[in-house]
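Q: Residue numbering for the sequence shown follows this note's numbering, starting at 2 and increasing by one per position.
Glycine included, each C-beta is placed from N, C-alpha and C at the ideal position.
Bear in mind that the values here come from a model prediction, so they are computed numbers and not experimental data.
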Amino acid sequence: MTDKPRILVVDDELGPRESLRMVFKPYYEVAMVESGAAALEALPTFRPDVVFIDIKMPAMDGLEVLRQIKAHDPSVEVVMITAYASLETVRSALTNGAFEYLIKPFSRHDLERTARRALARRQMEVGARGQVARLVEQMRGLAAKTRELEEAARREAAEQSLRVTQLSILREISGGILSQLDLGPMTETITESLKAGLGYDEVSIHLGADPPAAADTATCVVCPIREDETILGHLVADNRPSACPIDPRERELLEMLSEYLAIAIRNSRLYGEIAETKRFLEQLIHSAGDAIVSVDREDRIVGWNPAAEEIFAATEGTMFGEPVTRILPAADYLRAKAALAAGRPAQHFEVRQRRPDGSRTELAVMLSAFGERGGEREGILAIVRDITTQRELEAQLLQSEKLTALGKLAGGIAHDFNNQLQAILGYAQLMARSPANTDLVRRGLEVIHTAATGGVETVKRIQQFARLRPDEEFIPVDLNAVIREAVAITRPRWDEVVGQRGIPTELRLDLAEIPPILGRPAALAEVVTNLILNAVEAMPSGGTLSITTRRQGPDRVAVVIADTGVGMSEEVRRRVFDPFFTTKGEAGTGLGLSISYSIVTRHGGEIRVASQEGKGTTFTLLFPVRAGAVPEPPPVTAGQPDRTGRILVIDNEPQVLGLLTEMLTAGGHRVTPAASGREALALFTPGCFDVVLTNIGMPGMTGWEVADRVRAADPHVPLAFITGWGLSADDRERCRARGIRQCLFKPVQPDDLLQAIQQVMVK
Ligand code: ADP
Ligand code: MG
Numbered sequence: 002m003t004d005k006p007r008i009l010v011v012d013d014e015l016g017p018r019e020s021l022r023m024v025f026k027p028y029y030e031v032a033m034v035e036s037g038a039a040a041l042e043a044l045p046t047f048r049p050d051v052v053f054i055d056i057k058m059p060a061m062d063g064l065e066v067l068r069q070i071k072a073h074d075p076s077v078e079v080v081m082i083t084a085y086a087s088l089e090t091v092r093s094a095l096t097n098g099a100f101e102y103l104i105k106p107f108s109r110h111d112l113e114r115t116a117r118r119a120l121a122r123r124q125m126e127v128g129a130r131g132q133v134a135r136l137v138e139q140m141r142g143l144a145a146k147t148r149e150l151e152e153a154a155r156r157e158a159a160e161q162s163l164r165v166t167q168l169s170i171l172r173e174i175s176g177g178i179l180s181q182l183d184l185g186p187m188t189e190t191i192t193e194s195l196k197a198g199l200g201y202d203e204v205s206i207h208l209g210a211d212p213p214a215a216a217d218t219a220t221c222v223v224c225p226i227r228e229d230e231t232i233l234g235h236l237v238a239d240n241r242p243s244a245c246p247i248d249p250r251e252r253e254l255l256e257m258l259s260e261y262l263a264i265a266i267r268n269s270r271l272y273g274e275i276a277e278t279k280r281f282l283e284q285l286i287h288s289a290g291d292a293i294v295s296v297d298r299e300d301r302i303v304g305w306n307p308a309a310e311e312i313f314a315a316t317e318g319t320m321f322g323e324p325v326t327r328i329l330p331a332a333d334y335l336r337a338k339a340a341l342a343a344g345r346p347a348q349h350f351e352v353r354q355r356r357p358d359g360s361r362t363e364l365a366v367m368l369s370a371f372g373e374r375g376g377e378r379e380g381i382l383a384i385v386r387d388i389t390t391q392r393e394l395e396a397q398l399l400q401s402e403k404l405t406a407l408g409k410l411a412g413g414i415a416h417d418f419n420n421q422l423q424a425i426l427g428y429a430q431l432m433a434r435s436p437a438n439t440d441l442v443r444r445g446l447e448v449i450h451t452a453a454t455g456g457v458e459t460v461k462r463i464q465q466f467a468r469l470r471p472d473e474e475f476i477p478v479d480l481n482a483v484i485r486e487a488v489a490i491t492r493p494r495w496d497e498v499v500g501q502r503g504i505p506t507e508l509r510l511d512l513a514e515i516p517p518i519l520g521r522p523a524a525l526a527e528v529v530t531n532l533i534l535n536a537v538e539a540m541p542s543g544g545t546l547s548i549t550t551r552r553q554g555p556d557r558v559a560v561v562i563a564d565t566g567v568g569m570s571e572e573v574r575r576r577v578f579d580p581f582f583t584t585k586g587e588a589g590t591g592l593g594l595s596i597s598y599s600i601v602t603r604h605g606g607e608i609r610v611a612s613q614e615g616k617g618t619t620f621t622l623l624f625p626v627r628a629g630a631v632p633e634p635p636p637v638t639a640g641q642p643d644r645t646g647r648i649l650v651i652d653n654e655p656q657v658l659g660l661l662t663e664m665l666t667a668g669g670h671r672v673t674p675a676a677s678g679r680e681a682l683a684l685f686t687p688g689c690f691d692v693v694l695t696n697i698g699m700p701g702m703t704g705w706e707v708a709d710r711v712r713a714a715d716p717h718v719p720l721a722f723i724t725g726w727g728l729s730a731d732d733r734e735r736c737r738a739r740g741i742r743q744c745l746f747k748p749v750q751p752d753d754l755l756q757a758i759q760q761v762m763v764k
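#1: Do you know how far the Cα of E193 is from the Cα of Y1?
#2: Under 8 Å Cβ to Cβ from R18, same chain only, skipping five residues before and after it: list those, please.
#3: For ligand 2, is there any heavy atom lying closer than 7 Å to the beta carbon of G589?
#4: Looking only at its chain, what residues have a beta carbon closer than 7 Å to the beta carbon of V483, apart from the 5 residues adjacent to it on each side?
#5: Can you name, in chain order, every residue of its own chain whose Cβ lies under 6 Å from the Cβ of E351, other than the five neighbours on each side?
#6: Tell me the DSSP bridge mates of A559?
#7: Tell me the DSSP bridge mates of Q613?
#8: State buried or exposed for Q531, treating a residue as buried only when at least 16 other CB atoms are found within 10 Å of its CB.
#9: With a CB to CB cut of under 6 Å and the five nearest residues on each side skipped, what residues in its chain are close to G591?
#10: Starting from F746, trace the beta strand (DSSP E) in both directions and tell me its first and last residue.
#11: Is the stretch 687 to 707 close to the stretch 642 to 649, with three or more CB pairs under 8 Å?
#12: So what does DSSP say about H207, is it helix, strand or coil?
#13: Should D564 be labelled buried (16 or more other beta-carbon atoms within 10 Å of its own) or exposed?
#14: Following the continuous beta strand (DSSP E) through S295, name the residue where it begins and the one where it ends.
#15: Can you tell me which residues form a DSSP beta bridge with K142?
#16: Can G544 be considered in contact with ligand 3, in the sense that its beta carbon sits closer than 7 Å to one or more heavy atoms?
#17: Can at least three beta-carbon pairs, one atom from the stretch 650 to 665 and one from the stretch 589 to 605, be found at a separation below 8 Å?
#18: Tell me which residue opens and which closes the alpha helix (DSSP H) that P493 is part of.
#19: Going by the beta-carbon positions, is the gap between R552 and I608 smaller than 8 Å?
#20: Please specify which runs of the beta strand (DSSP E), each continuous and at least 3 residues long, are wholly inside the stretch 189 to 243, giving them in chain order.
#21: For V498, collect the residues of the same chain with a Cβ closer than 8 Å to its Cβ; drop the 5 residues on either side in sequence, then sort them by chain order.
#22: How big is the Cα-Cα spacing for I191 and R280?
#23: Helix, strand or coil: how does DSSP classify P700 here?
#24: Do L341 and I286 have their C-beta atoms closer together than 8 Å?
#25: State the start and end residues of the unbroken beta strand (DSSP E) segment that holds P674.
#26: Give me the pocket residues for ligand 2, defined as CB within less than 6 Å of any heavy atom, sorted by chain position.
#27: Is there a C-beta anywhere in chain E that falls below 8 Å from the one on D297?
#28: If you draw a straight line from the C-alpha of E228 to the C-alpha of Y261, how long is it?
#29: Less than 7 Å between the CB of Q618 and some heavy atom of ligand 1, yes or no?
#30: Specify, as a first and last residue, the run of the beta strand (DSSP E) that L103 falls within.
#31: Go through its chain and collect everything with a Cβ distance to P632's Cβ below 6 Å, but skip five positions before and after it.
#32: Q423 by DSSP, collapsed to three states: which one?
#33: Would you kindly check if the distance between the Cβ of V560 and the Cβ of T550 is under 8 Å?
#34: Across which residues does DSSP place D387 in a beta bridge pair?
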């Protein structure tokens, strides 16, 4: 054992124990124990000069340890340490002979000083007992300090108790605010807690901007509840009945509460709005006419409204959790889903389905992603509308529109045909009456030929318009030549206007050198003819028609047809290309420009119109020049000897059958006529014929059936069709599929018929 003074530290906690050791170690011999019992045990062996004791320890507390140490040896100095000062303990420590009293936290300096002083006294005590006077002095100082401590502790305690009360009220109230989104119960919780906690006579919360009747006084606190600048209401604590003044620190608490209240009121309003919106949406979904089906990420149905029950004839109970592909075709659904996943907007598709009762439905399905959270889709919403009725109505409307169009078309055709038939009948009668008049007969034949050709053109035009006849092939076309031809075609009309009616009308041609375009000369001539005729009709009192061609940029040519006629209003101008639109009443068909439009667009061209009422109209046609891509002209068959062959001809119309037989016989063929499919099949044996030419539309057995039966008997015999009806795109596809080599349209000219038969035999 050294000569250093000895200090014993008694503390149940390691932290404080160690920190004291660190402070004392350099100067003193230090020992530590963690309980009172251990301390008493260490006394005889360690013989400490000073003992530092923590008051608060389990088992034996610091005061008891102090008492026992003093009983053992009153000269040992004892310093008490505690975290909080209680007057009672201070007093009892000092009366039990403690040297000092250290309250945590204390500085290292305090600690060292206290240790030094305690040691000094110990030495004094040990060395010169009886210095009682000094002791008395110190006792006095201590007494003063005790009084001071006593006062501070009292103040502290009062303050603490108020804070504690306030905090507990706040905690309770804010708990109530958080758990309540309904304003009524919430304000009740608050007012009740305030009354109970702080003993106010009356507490109330007034909602709305108007100030309450009570004024802010010493016995009544009125706190505005504010959100930014707006006043949401007032919190009133009223002690007027008991006239008990309200502590200013409580006012602070009430103000704090008012801030909470503002948040709570806003939350409850938001909650109300959300609840209202939710109710509204639920109602909407419930009463929607469209099926609204929500689907989770695993493609299972998780929502199903009454309209869905109706459309899919199943209740929500039976569908919940079922895969959505039970009601929507998997392929369509998955495709739409993939598109949504790729970030595309709502996807739409249509589905035809059969109801359990066997009736058909058509459904329009709209899929959209919903509830995107953190960039991830929550599920899919399918809105399904039953469009069966709508589709039926549309079909009916289309049908009736078609019928109206057909009626108009029929009117136009009747008009054209009547004129042509008039000429044919008239001359036929004249010729029958005077067959010997060769002049009349020649003229009559010419007129009949022209009128019939006109009829053919009318039908061809209508069939092409209705796309019942395939477009002829494109060949290089000189537009200037087309214009000259159109001028020649319209010459009679021109002569009539200028010559017979004496209307001064001038035609100016200004045709530049332009490269050929690819196209069909007849169709293009029809376009220019239409435009010239319209222009002439637009100049009832004369004017100038000018037709110009020019290059337009490097790869286009333009045809400009301008008149100085009546022009048209903006409203008319917008509709001129509509089929059947005419301002000419009975005299017009309204087809000229719509046919022209479709011809020009099929040539990859453009047609534009500019017009000024009273001044005139200019139509501009633009066509692409296809440099280098000029196809070979059609093979010239001339020079090769024509082949002749055995031909089976089938037509139910005796006149047509006779005519075809005659034309083919004149071409050197051996012809077997048959008046029906049945008759033809009876005549047909494989190898007997080089060509079978059959009409399509026949009663009993159609040309299609004849072709199929003949094909079944002989897979190689060349087949050709002739028809007075058109062929739709579908029909043309059927022809190709059956290997039908040609399809001729009635009326067919002898040359065309023979050429077609040549081609059928060569192939
Ligand atoms: P239609 O000549 O049988 O009436 P079109 O399709 O050829 O049918 O023309 C449609 C309408 O366009 C005409 O009725 C007329 O009102 C208007 N239209 C066409 N060309 C001209 C033009 N050069 N000047 C004024 N109006 C025109
Ligand atoms: Mg016209």
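A: Judging by the given coordinates:
#1: An answer regarding residue 1 cannot be provided, because it is not within the stretch 2 to 764 covered by the chain.
#2: Cβ neighbours of R18 beyond the five flanking positions: V10, D12, M33, E35.
#3: Answer for G589: yes, Cβ within range of ligand 2.
#4: Annotation for V483: P522, L525, A526, V529 place their beta carbon closer than 7 Å to its own, counting only its chain and skipping 5 residues before and after.
#5: Contacts found: A365.
#6: A559 pairs with R551, L623.
#7: Paired residue(s): G617.
#8: One detail in the question is off: residue 531 reads as Asn in this sequence, not Gln. By the neighbour-count rule (16 or more Cβ atoms within 10 Å), N531 is buried.
#9: Excluding sequence positions up to five before and after G591, its CB lies within less than 6 Å of the CB of F581, F582, T583, all in the same chain and listed in chain order.
#10: Where F746 is concerned, the enclosing beta strand (DSSP E) stretches over 741 to 746.
#11: Touching, yes.
#12: It is a strand residue.
#13: So D564 counts as buried.
#14: Element bounds for S295: 292 to 297.
#15: The amino acid occupying residue 142 in the given sequence is Gly; Lys does not appear at that position. According to the DSSP secondary-structure assignment, G142 is paired through a beta bridge with no residue.
#16: Inclusion of ligand 3 in the displayed structure is not the case, the ligand content consisting of ligand 1 and ligand 2 alone.
#17: No, because fewer than three Cβ pairs between the stretch 650 to 665 and the stretch 589 to 605 fall closer than 8 Å, the two stretches do not touch.
#18: For P493, the uninterrupted alpha helix (DSSP H) segment begins and ends at 480 to 496.
#19: Contact check for R552 against I608 fails: the beta carbons are separated by 8 Å or more.
#20: Within the stretch 189 to 243, the complete beta strand (DSSP E) segments of 3 residues or longer fall at 203 to 208, 221 to 228, 231 to 239, listed in chain order.
#21: Contacts found: I504, T506, V537.
#22: Computed Cα separation, rounded: 29 Å.
#23: Correct three-state label for P700: coil.
#24: Not closer than 8 Å, so no.
#25: Where P674 is concerned, the enclosing beta strand (DSSP E) stretches over 671 to 675.
#26: Chain-ordered, the residues whose CB falls short of 6 Å from any heavy atom of ligand 2 come out as N531, L534, N535, G593.
#27: No chain E appears in the structure shown, which is made up of a single protein chain.
#28: Rounded to whole angstroms, the separation of the alpha carbons of Y261 and E228 is 10 Å.
#29: As written in the sequence, residue 618 is Thr, which differs from the Gln given in the question. T618: yes, Cβ under 7 Å from ligand 1.
#30: It spans 101 to 104 - the beta strand (DSSP E) in which L103 sits, taken as one unbroken run.
#31: Annotation note: pLDDT 47 at P632 (below 50); position unreliable, coordinate value reported separately. Counting only Cβ-Cβ distances below 6 Å, and skipping sequence neighbours, we find nothing.
#32: Helix, per DSSP.
#33: Taking 8 Å as the cut-off, the beta carbon of T550 is found closer than this to the beta carbon of V560.
#34: Bridge pairing for D387: L364 [DSSP].
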